[in-house]
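S.K.:
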Amino acid sequence: MNKKFLGLVPLLIFVLLCVFLYQGLFGNPRELQTGRLGQTMPAFELPDLMDEQKRWTDQDLLGEVYLLNVWGTWCPTCIAELGYLTELREQGVRIIGLYYEQAYDPDFGDQFDINYLRTDVQQMLARAGDPYQFNILDLERTLALDLGVSGAPETFLVDKNGKIILHHTGDINPRVWRSKFAPAIQELQP
Amino acid sequence: MIPEIGYFSLVLAMGLSLLLCIFPLWGAYTGNLRLMRTAPSLAVGQCLLVLFSFGVLIYITLTDDFTVAYVAHHSSSTLPWYYKVTSTWGGHEGAILLWLVMQASWTALVAMMSKSLPWVLRARVLGVLGFLGVGFMLYTLWMSSPFERLLPYYPVEGRDLNPLLQDPGMIIHPPLLYMGYVGLSVSFSFAIAALLTGKLDNTWAKWSRPWTMAAWGFLTLGITIGSWWAYAELGWGGWWFWDPVENASLMPWLVATALLHSLAITEKRGLFKSWTVLLAIAAFSLCLLGTFIVRSGIIVSVHAFATDPDRGLFILSFLALVVGGSLALYGLRVSQVYSEGRYKLVSREVGLWVNNIFLVVATLIVLLGTLLPMIHKELGLGSISIGVPFFNQMFAILIVPFAILMGMAPMLRWKQNKLPPLAKKWVGILVATIVITSAWLFSSFDEISTLTYLATALAVWICIATVVDLVEKVSVHPSTAQGLKRLGMSYWAMVLGHVGIAFVIASVTLTSAYSVERSVVMKKGEIATLNDYEYRFEGVNEIRGPNYGGHAGEVTVFKDGEYVTLLHAEKRLYDVGMQFMTEAAIDDGFFRDLYLALGESMGNGAWSLRIYHKPYVRWMWLGGILISLAGFIVLADKRYRRRKQTSVEHA
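Top line first, the protein sequences correspond to chains A and B.
Counting from 10, one number per residue, gives the positions in the first sequence under the working numbering.
Counting from 3, one number per residue, gives the positions in the second sequence under the working numbering.
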């Protein structure tokens, strides 16, 4: 009896695992990832990527619906979506970049060269399209952590009161835009 | 018309595997020898049809038939012919077809090489393989066919193969990995056939062992090449990132490694039978789980594979059926399995048993680290992220007792040992380890941290212990030549495997501790220094390849004023996708790699460059190759060859 039960333990564990895998397949993992949905943007004060004298705070962003796009030049998918994001900008969507620097990790005291980064970013945007109104540089990753960012690209849709409406992981393409962002923005229009 | 022939050929192949699944299993169940005898010809027929279908895919890719969606998405007319061939497994649909090719080939091989197996067992093994074939073929035909057309509107030019995949490493990496995955399905089938037969004696372990070794060898080589490709092609000098997709290949490897050791006990001593069967089921189940993770989009990975919930659902259902079914069978049968044989605490049995525990724990860590973020979220506990530090730390803890055991266990004999003589030997080896590690590290590096010393000592410990054991085993014979001859391939495999692991441990340790890098901006003629090497920038040339343009930076390297090498690092822009790729320049050496990546033009003829100095990094892949050789040389073992001869007599 005892041995019979022991023999079935692997099966039980596996069945349990399957339940989770099944849920994972349909519970859209990409949307639930943030605990920030429905809350307001965390307070921050961070420099502009191109001009460290210029600083941005959460208050500066209020008043208009915008996309906050987390990206980096090291991230191929981010580069791939720049073209489509630029099209969106031309259609009047306000897009603000949150630059995520991967080579620099504050916990390891890495060396960091801001001028190199700026040239890199400028060249990339000149080549692949520049969708951004401006870019926020979050070197210590405080804002990214507060937002629950786990990688790049990730995009937040924020309403004019600073409330986070959507959190999307992965690239934005016409399909994602039509199925996810466009309806959400439509709802925000008075 | 031609793509449709490829598709039709797959349909026929699936018909044959359906028969392969039904006839032999039914025959074995009812004792009908005629039905059982159909298995080998069905297996070979199925294999020929799948190979033909794959040939068709290669043909339509080589002839740039962009009416076929797969070719239009993964190839282009400017692609060199060898990368056109590679593109047939560069995308999801083609990769699955490649999987089918491997599956069918392994099945046909088993059919041809198993002549001396009792018919009941042979029929069941092939029947189970046929069942797996049906699953994968159904998947291919139903939701992942590489022969879908883009008619009536098709592009005049293809989208090209992802430049990341345009690399020799990528030509061989997926086939090797799949050889490994699919090879483990053979071990799986042997285990299921043994469970069905209800005879879990050591014969099945003996049969299963060479197949498992071969599959494991391919898997090792596949992972090694994958790591080398990441290092050479991604341009930032890393080799392993604990990405879910990488973990998907590591888990079956860890379990297969446990399986090899456990098969040895089952074959030699008739012990741990039910455990060995469970490992054989687990190893292949983890291959399926890995496929599910990679192809379903359930976990966010840096590897961009085709992800689609429908496909995920199919694989999950198949996974549930195959794994659930076999675990249920296991649960029903295992209570009837008894292992006989006694052993004491200090014995090879216990050594191998502890080895299995470590490997299984390591697998569970990887599994948890990979799936926990998802499970956590599904339980409504919010998002967590488990990253590189978690895995690194857990493996750093595990490797210490594991490596110590790896040095000690081969000296243990079956059943029991007297501890004092062994302990004396181990103390001697420990002293030698300390002496050699100190001499090595203090002569090579200025600063040595305790952890670095400890980890290096583990590698040295394994090597010395292995050599001491080898020398002892040879010296009991009257002459060295005779002693070497007596050792047997399995023993040599163990030596190679363990020394390979030592190389990997040393490499990971030393390259992590002592790699240095420097980002510089240089103009022509300027010199940068890193670790005794001087790098003189010779300027940048325009380059033009078959399907890309770009720049190549030339850097001459000197050490103590002497010329070392000329590095040629490229930055390519691929024509079709307009994607940038870094082709790092690597001067490889036994003790160090010089690694150079070309950055951007900074104006005025100045370029940014990134220089890396990576000591001992090559030992990692050297170790991987040694380990995989261990898998292959066992095939040359006399015992397995002799079996083939007796098989002829039987027939």
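Beta carbons: idealized from backbone N, C-alpha and C, even for Gly.
Only a predicted model underlies this, so the values are computations on that prediction, with no experimental measurement involved.
#1: Can you give me the C-alpha to C-alpha distance between D577 of chain B and E235 of chain B, rounded to a whole angstrom?
#2: Considering just the uninterrupted stretch of the alpha helix (DSSP H) at E95 of chain B, what are its terminal residues?
#3: Who are the neighbours of C27 of chain A on chain B, taking C-beta pairs under 9 Å?
#4: Is any beta-carbon of chain A found at less than 8 Å from that of G333 of chain B?
#5: Apart from the five residues on each side of it in sequence, which residues of its chain come closer than 8 Å, Cβ to Cβ, to A89 of chain A?
#6: Consult DSSP for F447 of chain B and reduce its assignment to one of helix, strand or coil.
#7: L280 of chain B versus chain A: which residues are under 7 Å apart at the beta carbon?
#8: Give the secondary structure of M38 of chain B by DSSP, where H, G and I count as helix, E and B as strand, and everything else as coil.
#9: What residues match up with W609 of chain B in a beta bridge as DSSP calls it?
#10: How about A232 of chain B and G224 of chain B: are their beta carbons less than 8 Å apart?
#11: For I377 of chain B, return the contacting residues in chain A, with the cut-off set at a CB-CB distance below 7 Å.
#12: Quick check: what's the CA-CA separation for N78 of chain A versus H94 of chain B?
#13: When you compare the CB of L77 of chain A with every CB in chain B, is at least one pair closer than 8 Å?
#14: For K86 of chain B, does the count of other Cβ atoms within 10 angstroms reach 16, so buried, or fall short, so exposed?
#15: Is there a Cβ from chain A that is less than 8 Å from the Cβ of V336 of chain B?
#16: Helix, strand or coil, according to DSSP, for K659 of chain B in the structure here?
#17: Whole beta strand (DSSP E) runs in the region 115 to 169 of chain B with 3 or more residues, listed along the chain?
#18: Under 8 Å Cβ-Cβ, which residues of chain A neighbour E694 of chain B?
#19: Determine the direct distance from the alpha carbon of W186 of chain A to that of R151 of chain B, and round the result to whole angstroms.
#20: Does P480 of chain B come out as helix, strand or coil in the three-state DSSP assignment?
#21: Please name the residue in B:P391, B:L611, B:I635 and B:L624 whose C-alpha comes closest to that of Y125 of chain A.
#22: Count the CB pairs spanning the region 493 to 507 of chain B and the region 615 to 624 of chain B that are closer than 8 Å, and state whether there are at least three.
#23: Which residues, taken in chain order from the region 576 to 608 of chain B, show a beta carbon closer than 7 Å to some beta carbon of chain A?
#24: Have a look at I227 of chain B and L456 of chain B and give me their C-alpha separation to the nearest angstrom.
#25: By the criterion of Cβ-Cβ separation under 7 Å, what are the contact partners of T95 of chain A in chain B?
#26: Listed from N- to C-terminal order along the chain, which residues in the region 136 to 153 of chain A have their beta-carbon within a distance smaller than 9 Å of any beta-carbon of chain B?
#27: Who are I104 of chain A's beta bridge partners in DSSP?
#28: Closest Cβ-Cβ distance between G551 of chain B and chain A: below 8 Å?
#29: Tell me which residues share the same chain as F286 of chain B and place their Cβ nearer than 6 Å to its Cβ, disregarding the 5 neighbours each side in the sequence.
#30: For F593 of chain B, which beta-bridge partners are listed by DSSP?
#31: Mind checking I464 of chain B: buried by the 16 CB within 10 Å criterion, or exposed?
#32: Going by Cα to Cα distance, which pick from B:S19, B:V336, B:A207 and B:V469 is closest to A106 of chain B?
#33: Would S77 of chain B pass as a contact of L163 of chain B if the rule is Cβ separation under 8 Å?
#34: Short check: CB of V279 of chain B to CB of A193 of chain B, under 8 Å?
#35: For T128 of chain A and chain B, any beta-carbon pair shorter than 8 Å?
#36: Looking at the C-beta of V650 of chain B, does it have a partner C-beta in chain A at a distance below 8 Å?
M.R.: Taking the coordinates as given:
#1: In the second sequence, residue 577 of chain B corresponds to position 575, counting from 1. In the second sequence, residue 235 of chain B corresponds to position 233, counting from 1. Cα to Cα, D577 of chain B sits roughly 18 Å from E235 of chain B.
#2: Sequence index remark: in the second sequence, residue 95 of chain B carries index 93 (1-based). H94 to M115 is the extent of the alpha helix (DSSP H) around E95 of chain B.
#3: Indexing the first sequence from 1 puts residue 27 of chain A at position 18. Ordered by position in chain B, the residues that pass the 9 Å Cβ test against C27 of chain A are L318, L321, A322, V325 and G326.
#4: Within the second sequence, numbered from 1, the residue matching residue 333 of chain B stands at position 331. Output row for G333 of chain B: interface = yes.
#5: The sequence position of residue 89 of chain A within the first sequence is 80, counting from 1. These residues qualify, in order along the chain: D180.
#6: On the second sequence, residue 447 of chain B is found 445 positions in, with the first residue counted as 1. The answer is coil: DSSP assigns F447 of chain B none of H, G, I, E or B.
#7: For the purposes of this step, residue 280 of chain B is identified with residue 278 of the second sequence, where counting begins at 1. Residues of chain A passing the Cβ test: P19.
#8: Within the second sequence, numbered from 1, the residue matching residue 38 of chain B stands at position 36. Note: M38 of chain B maps to helix in three-state DSSP.
#9: Reading the second sequence from its first residue, position 607 is the one you call residue 609 of chain B. DSSP, once it has assigned bridges, lists B:M524 and B:S603 as partnering W609 of chain B.
#10: As a position in the second sequence, residue 232 of chain B is number 230, starting the count at 1. As a position in the second sequence, residue 224 of chain B is number 222, starting the count at 1. No, Cβ-Cβ distance for A232 of chain B and G224 of chain B is not below 8 Å.
#11: Numbered from 1 along the second sequence, position 375 holds the residue referred to as residue 377 of chain B. What I377 of chain B touches in chain A: F29.
#12: Here residue 78 of chain A refers to the residue found at position 69 of the first sequence. Here residue 94 of chain B refers to the residue found at position 92 of the second sequence. Cα-Cα distance, rounded: 29 Å.
#13: Position 68 of the first sequence holds residue 77 of chain A. Taking Cβ atoms only, chain B never reaches closer than 8 Å to L77 of chain A, which makes this a no.
#14: Against the second sequence, residue 86 of chain B aligns to sequence position 84. Buried, since its Cβ has 16 or more Cβ neighbours within 10 Å.
#15: Counted from its first residue, the second sequence places residue 336 of chain B at position 334. Taking Cβ atoms only, chain A reaches closer than 8 Å to V336 of chain B, which makes this a yes.
#16: Given a span of 3 to 653 for chain B in the structure shown, any question on residue 659 of chain B remains unanswerable.
#17: none
#18: Residue 694 of chain B lies beyond the residue range present for chain B, which begins at 3 and ends at 653; the question has no answer from this structure.
#19: Taking the first residue of the second sequence as position 1, residue 151 of chain B is located at position 149. Taking the first residue of the first sequence as position 1, residue 186 of chain A is located at position 177. Each residue's alpha carbon lies about 27 Å from the other.
#20: The residue given as residue 480 of chain B occupies position 478 in the second sequence. Coil, per DSSP.
#21: Here residue 125 of chain A refers to the residue found at position 116 of the first sequence. Answer by Cα proximity: B:L611.
#22: yes
#23: E602 and M604
#24: As a working note, residue 227 of chain B is residue 225 in the second sequence. As a working note, residue 456 of chain B is residue 454 in the second sequence. Answer to the nearest angstrom: the Cα atoms are 28 Å apart.
#25: On the first sequence, position 86 is the one that residue 95 of chain A refers to. Residues of chain B passing the Cβ test: none, with the nearest at roughly 14 Å.
#26: R136 and A137
#27: Residue 104 of chain A sits at position 95 when you count from the first residue of the first sequence. A:L76.
#28: Against the second sequence, residue 551 of chain B aligns to sequence position 549. No, no contact with chain A.
#29: Walking along the second sequence from the start, residue 286 of chain B turns up at place 284. Same-chain partners within the cutoff: L186, S187 and F190.
#30: Sequence index remark: in the second sequence, residue 593 of chain B carries index 591 (1-based). None, per the DSSP bridge assignment.
#31: Here residue 464 of chain B refers to the residue found at position 462 of the second sequence. Looking at its Cβ environment, which holds 16 or more other Cβ atoms inside 10 Å, I464 of chain B is buried.
#32: Counted from its first residue, the second sequence places residue 106 of chain B at position 104. That would be B:S19, whose Cα lies nearest to the Cα of A106 of chain B.
#33: Here residue 77 of chain B refers to the residue found at position 75 of the second sequence. Here residue 163 of chain B refers to the residue found at position 161 of the second sequence. Contact: yes.
#34: Along the second sequence, one-based indexing puts residue 279 of chain B at 277. Along the second sequence, one-based indexing puts residue 193 of chain B at 191. A contact, by the Cβ cut-off of 8 Å.
#35: Along the first sequence, read from residue 1 onward, the residue named residue 128 of chain A stands at position 119. So, interface residue.
#36: Indexing the second sequence from 1 puts residue 650 of chain B at position 648. With a pLDDT of only 36 at V650 of chain B, under the threshold of 50, the placement of this residue in the model should not be trusted; the figure read from the coordinates follows. No, its Cβ sits nowhere closer than 8 Å to a Cβ of chain A.
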